[in-house]
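*Asks:* First residue of the sequence shown: 6, per the numbering used here; consecutive thereafter.
Positions of the beta carbon are idealized from the N, C-alpha and C atoms, including for glycine.
Let me give you the structure first, and then I'll get to my questions.
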Amino acid sequence: MADNKLSIEEMAIFCKKKGLVYPSGEIYGGLSGFFDFGPNCVEIRNNIKKEWWRFHVQEREDIVGIDGSIITNPKIWQASGHVASFTDVYVKCRKCKKPNKIDKSEIGKARCECSGEYEVIGDLNLMFKTNVGPVEGSTAYLRPETAQLIFADFKLVAENSRLKLPFGIAQIGKAFRNEISPRDFLFRTREFEMMEIEYFVHPKNINKCPFLKQVLNHKMNILSAELQKKHKKPVKMTMKQALDKKIIKTEWHAYWLATEHKWFVNLGAKPDNFRIRQHTKQELSHYALDTWDLEYNFPFGWKELEGIANRTDFDLQQHIKHSKKDLSIFDQETNKKIVPHVVAEPSLGVGRAFLVFMFDAYNDDKKRGNIVLKLDPKLAPVKAGIFPLISKPELIKIARGIYNELKKTYNLNYDKSGSIGRRYARSDEIGTPFCITVDFDSLKDKSVTIRDRDTTKQARIKIADLKDILRKLIDKEIRFSDI
Ligand code: ATP
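So, in structure tokens, the structure goes:
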């Protein structure tokens, strides 16, 4: 259970109250598994995607991005195996009648949360079907993942971007799955957004990661398939120890698991709310050599946040076979054409990432008497609140001037209504990291008061320095106490 003990239902209520997330089309009763996002949530989600893209694509030389189509040639989904086997086992509880999905390996073992036995109804393909154009029967699918477009476009992207192995192709976009039982708020929905990378490596180098040094000392809670078989708890160790003990088999897996954990922690998530869990033999997909999930300690238990599979050359070979196109690339080192292997496929849902940051940021501050959402300033929907102390024209003029200048760079909130304490509380509740107040002294000393959300400490700074200081605070180049 996450430290703050907020349940997923309470988080859904908080998100609705703060205008972050609503059931989609609520005036008509909503639709199970679909949500709409309000203004501040759009900002947070855009910030999550921006930080993900910056960290995984812009700051790296070896990864480029694409944006594939949501509806594409259905042959892609035949080649990938989705048409034949992207299914869940549809079950119904004999006692409470609730529908659910279970893994094939759980048939006869899994029980409903009410402890009732499950009746197996059958296999259900999770892809949404649609009809393209006016002719009935031209069936296409809404993509259930973004990954396949990366494989289908692989050769074009690799050649046009002049990429040399090892390299990755990333994509952020919507995916759709007709989940049997959407539940746990944004955790399992029917429409969601994914942030995915397919990372390609020369088949000779599937255990040679040039970036390994960056993560060798990184510690994580590790739950291997072996530990699960023995009903043991996860063990905390460094990536080096996990590789030396052959718990994690490839350097690439160690690198990507640690890198993904670091991404969350660098953006304010609590390190010990994460663990990595290896898929057991029964769970492993037919195409995967080894899969580890980055899991998070949700209020409803440890659950998959991000799946990181070693898919070998399965997908590219499938597309070569079905399209009859040569998708191999030329390797200059060996002067040969090769089909690279995908050693890791970090695949993360934006909704699940949003929940992690919200749970780890949520603080019920009894002393202040309000919720304080301690989101990393980079993720916060509003970077600063700009307040004239009272509604007097001379103070409003300065405050509007600051607002108009800073809003060219940041999403801000100009607020002149209510007591300053109320305005601070409103800002705390949506995670605004800094509040800037213009008072009567500002008229004389051309300075303002800046208040830190996390400590409530205040400092006086010159209006002329505000832009620079705000940037440094958001980028964590300085701490508030350095002002
Ligand atoms: P699960 O076992 O939870 O159904 P999965 O193993 O089918 O997940 P993947 O196909 O590996 O999921 O998808 C990659 C990531 O996409 C998941 O780790 C999760 O973050 C996100 N995701 C998948 N399905 C959903 C969904 N229905 N709602 C929200 N996010 C999802």
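Could you tell me which of C119, I395 and P438 sits nearest to S447, measuring between CA atoms?
*Replies:* Nearest option by C-alpha distance: I395.
*Asks:* Within a Cβ cutoff of 8 Å, which residues of the same chain sit near H258, ignoring the five residues on either side of it in sequence?
*Replies:* So the qualifying residues of the chain are D295, W297, I313, N315, V348 and A349.
*Asks:* Residue range of the alpha helix (DSSP H) that K246 falls in?
*Replies:* Before going further, note that residue 246 is Gln rather than Lys in the sequence given. Looking at the DSSP string, the run of the alpha helix (DSSP H) that includes Q246 is M244 to D249.
*Asks:* G356: beta carbon under 7 Å from a heavy atom of the ligand ATP?
*Replies:* Yes, Cβ of G356 sits closer than 7 Å to a heavy atom of the ligand ATP.
*Asks:* How big is the Cα-Cα spacing for D67 and K80?
*Replies:* Going by the C-alpha atoms only, they are around 29 Å apart.
*Asks:* Got a sec, what are the start and stop residues for the beta strand (DSSP E) C440 sits in?
*Replies:* Looking at the DSSP string, the run of the beta strand (DSSP E) that includes C440 is F439 to V443.
*Asks:* Which runs of the alpha helix (DSSP H) at least 4 residues long sit entirely within the region 256-324? Give them in chain order.
*Replies:* Qualifying alpha helix (DSSP H) stretches, in chain order: 256-271.
*Asks:* At a cut-off of 7 Å, is G178 close to the ligand ATP when judged by its beta-carbon and the heavy atoms of the ligand?
*Replies:* Outside the cutoff, so no.
*Asks:* Tell me, please, whether the CB atom of K412 is closer than 8 Å to any CB atom in chain C?
*Replies:* Although the question refers to chain C, the structure presented lacks it and comprises just one protein chain.
*Asks:* Skipping 5 residues on each side, what residues in its chain have a beta carbon closer than 7 Å to that of F216?
*Replies:* So the list reads Y260, once near-sequence residues are dropped.
*Asks:* Which two residues bound the contiguous alpha helix (DSSP H) that contains P44?
*Replies:* P44 to W58 is the span of the alpha helix (DSSP H), which, as asked, contains P44.
*Asks:* Ordered along the chain, which non-local residues of its own chain (more than five positions away) have a Cβ less than 7 Å from that of A115?
*Replies:* Only I107 and Y123 meet the Cβ criterion.
*Asks:* Only counting runs of 4 or more residues, tell me where the alpha helix (DSSP H) segments fall wholly within the region 413-459, in order along the chain.
*Replies:* Qualifying alpha helix (DSSP H) stretches, in chain order: 425-434 and 445-450.
*Asks:* Between which two residues does the beta strand (DSSP E) containing C98 stretch?
*Replies:* Unbroken beta strand (DSSP E) run through C98: T92 to C98.
*Asks:* Would DSSP call G356 helix, strand or coil?
*Replies:* Correct three-state label for G356: helix.
*Asks:* Under a Cβ-count criterion, where at least 16 other Cβ atoms within 10 Å of its own Cβ denotes burial, should C214 be classed as buried or exposed?
*Replies:* By the 10 Å Cβ count, C214 comes out buried.
*Asks:* Hey, would you say the C-beta of K432 is under 7 Å away from at least one heavy atom of the ligand ATP?
*Replies:* The residue asked about is misnamed: residue 432 is Ser in this sequence, not Lys. No, Cβ of S432 sits at least 7 Å from all heavy atoms of the ligand ATP.
*Asks:* Please work out which residues of its chain come closer than 8 Å, Cβ to Cβ, to I76, disregarding the five sequence neighbours upstream and downstream, and give them in chain order.
*Replies:* Contacts found: T135, V137, A145, Y146, L147 and R148.
*Asks:* Check whether the Cβ of L353 lies closer than 7 Å to any heavy atom of the ligand ATP, and answer yes or no.
*Replies:* Yes, the ligand ATP has a heavy atom inside 7 Å of this Cβ.
*Asks:* Bridge partners for F181 per DSSP, in chain order?
*Replies:* Paired residue(s): E196.
*Asks:* Pull up the CB-CB distance for M199 and S352, whole angstroms please, since I reckon it's below 8 Å.
*Replies:* About 6 Å; that satisfies the 8 Å criterion.
*Asks:* I'd like the list of long-range same chain contacts for T92, defined as Cβ closer than 8 Å, with 5 residues on each side in sequence excluded.
*Replies:* Same-chain partners within the cutoff: D128, L129, N130 and L131.
*Asks:* At a cut-off of 7 Å, would you count G312 as near the ligand ATP, judging by its Cβ distance to the nearest heavy atom?
*Replies:* Indeed, a heavy atom of the ligand ATP lies less than 7 Å from the Cβ.
*Asks:* Can you tell me whether F335 is helix, strand or coil according to DSSP?
*Replies:* Residue state, collapsed to three classes: strand.
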